[in-house]
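One structure is given below, encoded as structure tokens.
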Amino acid sequence: MTSLFLILLLGLYHPDNWQVFPSLDEVRCISSTGSEVYVAVPKGVCVFDRTPYRLTRTLTTADGISGEVRLCAHNPARGDVFITTDERVYRFVPATGLVEELVAPFKYVSSIGIAKDGAYFETDAGLFFRARSAADFASVSELPADLTWYGRKDTLNPRDFPFLTPYFVMDEQLLNHQITLVRPDKGNKRLFAVAQGYGILVYNIRSGFSEAHIRFGPSSAPVRRIARLDNRLWFVGGQTAVSLDSANEWHYYLTRPGDLSTGGFRLLLGNVTTLERSEGLSALLADSTGLLFGTEYGVYSLGSDNKLVQLLSLPVRVNGLLRLKDSLIFGTEQGLFLSVGDSIVEYSDPYGETDWGVFDIVKADNGTAYFGALGGIVSRTRDGAWFRYVPPGFDLQQPVRALAAAGTRVFMATSSHWPTGAAEANITVLDTKDDSYTTIDATRGLPVSDIRSLYADDRYLYIASPGLIARLDYTKELR
2 MTSLFLILLL GLYHPDNWQV FPSLDEVRCI SSTGSEVYVA VPKGVCVFDR TPYRLTRTLT
62 TADGISGEVR LCAHNPARGD VFITTDERVY RFVPATGLVE ELVAPFKYVS SIGIAKDGAY
122 FETDAGLFFR ARSAADFASV SELPADLTWY GRKDTLNPRD FPFLTPYFVM DEQLLNHQIT
182 LVRPDKGNKR LFAVAQGYGI LVYNIRSGFS EAHIRFGPSS APVRRIARLD NRLWFVGGQT
242 AVSLDSANEW HYYLTRPGDL STGGFRLLLG NVTTLERSEG LSALLADSTG LLFGTEYGVY
302 SLGSDNKLVQ LLSLPVRVNG LLRLKDSLIF GTEQGLFLSV GDSIVEYSDP YGETDWGVFD
362 IVKADNGTAY FGALGGIVSR TRDGAWFRYV PPGFDLQQPV RALAAAGTRV FMATSSHWPT
422 GAAEANITVL DTKDDSYTTI DATRGLPVSD IRSLYADDRY LYIASPGLIA RLDYTKELR
């Protein structure tokens with residue numbers, strides 16, 4: 002709590018600049034107030050406005066929460082929200098926007114019971130009560146009858162609400178998602194129903210009709226690549242492709258075909274997910290000539306006939322792709338290579354940086370290509386000039402595994418692993434206008450320790466991590 006307070010006090014972490022979209026595939030708990038709805042998922046707690054159910058904030062590791070979130074429960078006696086993870090208990094205070102870790106005589110909480118005068122906790126060490134004005138947990142042996150339970154003791158069942166029949170939801174691809182969790186709102190006027198692998202549906206309890214569908218974020222499968230195609234932002238990985246359109250609406254495509262047209266092509270997602278399952282999708286290039294995919298074993302193109310054609314069979318994973326006139330450049334952990342016709346030759350930079358591996362490639366709007374290498378990046382301008390960038394204090398043995406470029410800025414992601422096993426991710430921002438560097442890490446609100454892909458437009462930086470997508474308004478963050 003103290004470190005987070007100091008970060009906020011020093012002005013390093015600005016929650017308003019961040020929007021985090023965790024996967025809603027597994028919703029574990031829902032609690033509501035008169036104006037807000039709290040939804041617990043493994044990666045954090047989503048906070049919604051009651052109308053029109055707009056995501057306003059997600060409480061994550063950046064707010065001081067450690068471990069997978071298990072439960073959340075609004076406590077009207079004090080106006081705060083209890084949050085539990087694997088071994089910790091927190092309270093979120095909406096009035097201050099801060100998350101505080103509580104000192105508790107237990108580790109694991111299986112259920113939280115809310116009463117008018119406080120909250121009861123069923124734990125691995127027995128039953129405890131935290132009164133309205135108390136700072137500590139008191140051991141108890143009896144429970145009042147009028148408790149609203151969250152967690153294991155929650156006795157509400159979807160079948161308690163007959164209007165939910167047949168107790169599943171069919172999505173746009175005619176796939177069924179079972180309703181597994183229900184929670185009425187504070188006034189018993191609305192019912193929140195969780196459909197596994199789909200999201201949350203809001204029903205009018207009086208009429209029984211659905212009033213809203215809450216869906217956002219990626220699937221639980223890791224996103225491999227982010228790309229803009231057909232005026233949509235696509236997050237591709239696993240057996241799912243997710244798109245975000247210009248109206249900020251999320252769309253989901255599983256194993257059935259989905260339209261993704263660009264340059265006259267139609268991407269048959271069934272083909273792409275098959276490729277992902279068999280070889281692993283590791284690179285994606287979309288331009289006016291069509292679509293190229295890099296995998297663990299080669300390079301494929303997608304033609305106008307919706308068929309994937311293997312262009313190159315390789316013994317190493319393709320980390321990045323770039324067209325150079327009629328040739329194709331691809332990066333691997335063994336270096337940078339140029340494919341012309343049937344021949345493949347090594348394509349080294351003047352500094353020899355790419356000889357030690359290329360881990361991602363991105364092309365800026367001005368035609369300059371950037372290559373993620375060990376300890377920094379190298380670039381090649383449209384006219385063939387090379388430059389090298391090594392951020393101050395950069396670990397020269399650390400690969401830049403994800404890149405994005407927008408305007409004069411280049412975003413490079415790295416990760417570190419401490420001897421304790423903990424992981425830490427960083428994003429270094431290079432502004433080529435003045436060759437300045439800025440670091441975005443946990444102290445500035447970066448909510449992930451594992452970054453798989455980056456994408457930047459003229460305002461936002463999108464960050465893909467297993468189980469969530471984070472979006473940073475870098476135009477405000479980097480003022």
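First residue of the sequence shown: 2, per the working numbering; consecutive thereafter.
The C-beta atom is built at its ideal place from N, Cα and C for all residues, glycine as well.
| Near ARG480, what residues of its chain come up, given a Cβ to Cβ distance below 8 Å and the 5 sequence neighbours on each side ignored? | Result list for ARG480: empty, nothing under 8 Å.
**Q.** Alpha-carbon spacing of ALA284 relative to ASP186, whole angstroms
**A.** The alpha-carbon separation between ALA284 and ASP186 amounts to approximately 44 Å.
- Message: If you reduce the DSSP assignment to three classes, tell me which class THR444 lands in.
- Response: Correct three-state label for THR444: helix.
Next on the checklist: Looking at ARG229: is its Cβ nearer than 7 Å to the Cβ of VAL237?
Outcome noted: A distance of 7 Å or more separates the beta carbons of ARG229 and VAL237.
Since THR296 is in the beta strand (DSSP E), which residue starts that stretch and which ends it?
291-296 is the span of the beta strand (DSSP E), which, as asked, contains THR296.
Worksheet item: Expressed to the nearest angstrom, what Euclidean distance is found between the alpha-carbon atoms of VAL82 and ALA74?
Response: The alpha-carbon atoms of VAL82 and ALA74 are separated by roughly 5 Å.
Practice problem: Please name the residue, chosen from PHE294, THR369, PRO393, that lies closest to ALA386 on a Cα-to-Cα basis. | Solution: Distances from the CA of ALA386 to each of PHE294, THR369, PRO393 were compared; the closest alpha carbon is that of THR369.
- So does the stretch 164-178 actually touch the stretch 118-138, counting three or more Cβ pairs closer than 8 Å? Output reads no: the stretch 118-138 does not touch the stretch 164-178.
- Rank ASP384, ARG29, ILE378, THR409 by C-alpha distance to the C-alpha of LEU397 and give the top, closest one. Comparing Cα positions, the closest option is ILE378.
Original post:
Can you list, in chain order, the residues of its chain whose CB lies under 6 Å from that of ALA179, leaving out five sequence neighbours each side?
Top reply: It is Gln, not Ala, that sits at residue 179 in the sequence shown. Only PHE169, GLN197 meet the Cβ criterion.
Of the residues PRO43, ASP50, LYS44, which one's Cα is nearest the Cα of THR34?
Closest by alpha carbon: ASP50.
Task: 7 Å Cβ cutoff met for VAL90 and LEU103 - done: For the 7 Å CB-CB criterion, VAL90 and LEU103 form a contact.
Item to check | Through-space distance from ALA426 to LEU144, alpha-carbon basis | outcome: When only Cα atoms are considered, LEU144 and ALA426 end up about 44 Å apart.
- Task: Jot down the residue ranges of each uninterrupted beta strand (DSSP E) in the stretch 59-92, minimum 3 residues, whole runs only, in chain order.
- Result: Taking only runs of at least 3 residues, the beta strand (DSSP E) segments lying wholly in the stretch 59-92 are 70-76, 81-86.
### Message
Out of GLY291, SER328, GLY332, which one is the CA nearest neighbour of TYR298?
### Response
Distance check between TYR298 and each of GLY291, SER328, GLY332 places GLY332 closest, using alpha-carbon atoms only.
Meets three-Cβ-pair contact criterion under 8 Å: the stretch 50-64 and the stretch 238-253 = With fewer than three CB-CB distances shorter than 8 Å, the stretch 50-64 does not count as touching the stretch 238-253.
Mapping DSSP to helix, strand and coil, what is PRO23?
PRO23: strand per DSSP, three-state reduction.
ASP474 vs ASN18 beta-carbon contact at 7 Å:
Yes, the Cβ-Cβ distance between ASP474 and ASN18 is below 7 Å.
**Asked** What number of angstroms, rounded off, separates the C-alpha of ARG381 from the C-alpha of TYR461?
**Response** Approximately 24 Å between the Cα atoms of the pair.
Where do the N-terminal and C-terminal ends of the alpha helix (DSSP H) with THR333 fall, by residue? THR333 -> not in any alpha helix (DSSP H); beta strand (DSSP E) instead, spanning 328-333.
Considering only DSSP beta bridges, list what LEU202 is partnered with.
DSSP lists ALA194, HIS214 as the beta-bridge partner residues of LEU202.
Check: How is the beta strand (DSSP E) around LYS477 delimited, first residue to last?
Finding: Note, LYS477: premise wrong, no beta strand (DSSP E); alpha helix (DSSP H) at 475-478.
> From this set, ARG207, PRO77, GLY218, which residue's C-alpha is nearest GLN20's C-alpha?
Replying inline: Nearest of ARG207, PRO77, GLY218 to GLN20, Cα basis: GLY218.
- Query: Over what stretch of residues does the beta strand (DSSP E) that includes ASP432 continue unbroken?
  - Reply: Counting along the chain, the beta strand (DSSP E) containing ASP432 begins and ends at 424-432.
Practice prompt. Please determine, among SER340, ALA146, GLY98, GLY336, the residue with the shortest C-alpha to C-alpha distance to LYS117.
Written response: If we check each option's Cα against that of LYS117, ALA146 comes out closest.
- Message: By the DSSP assignment, the beta strand (DSSP E) with HIS15 in it spans what residues?
- Response: Per DSSP, HIS15 belongs to no beta strand (DSSP E) and is neither H nor E.
| DSSP state of LEU469 mapped onto helix, strand, coil | Reduced to three states, the DSSP call for LEU469 is strand.
Does the separation of the CB atoms of THR241 and ALA213 fall below 7 Å? Taking 7 Å as the Cβ cut-off, THR241 and ALA213 do not qualify as a contacting pair.
**Request:** Please list, in chain order, all residues of the same chain as THR355 whose beta carbon is under 8 Å from its beta carbon, the five residues on each side excluded.
**Result:** Around THR355: GLY332, GLY336, LEU337, TYR348, SER349, PHE372, ALA374, VAL379.
**Prompt:** Alpha carbon to alpha carbon, how far is SER454 from SER247?
**Reply:** Rounded to whole angstroms, SER454 to SER247 spans 20 Å at the Cα level.
6 Å Cβ shell around PRO392 - same chain, five flanking residues per side excluded: Leaving aside the five residues that flank PRO392 on each side, the residues in its chain whose CB is nearer than 6 Å to its CB run, in chain order, THR429, TYR438.
So, with DSSP's three-state summary, where would you put PHE107? DSSP places PHE107 in coil when its eight states are reduced to three.
Please list, in chain order, all residues of the same chain as ARG216 whose beta carbon is under 6 Å from its beta carbon, the five residues on each side excluded.
Excluding sequence neighbours, ARG216 sits near GLY200, TRP251.
Check your understanding: What number of angstroms, rounded off, separates the C-alpha of PRO400 from the C-alpha of VAL359?
Key -> About 8 Å.
Start and end residues, beta strand (DSSP E) containing PHE130: Element bounds for PHE130: 127-132.
Which of helix, strand or coil DSSP assigns to PRO163: In the three-state reduction of the DSSP assignment, PRO163 falls in the helix class.
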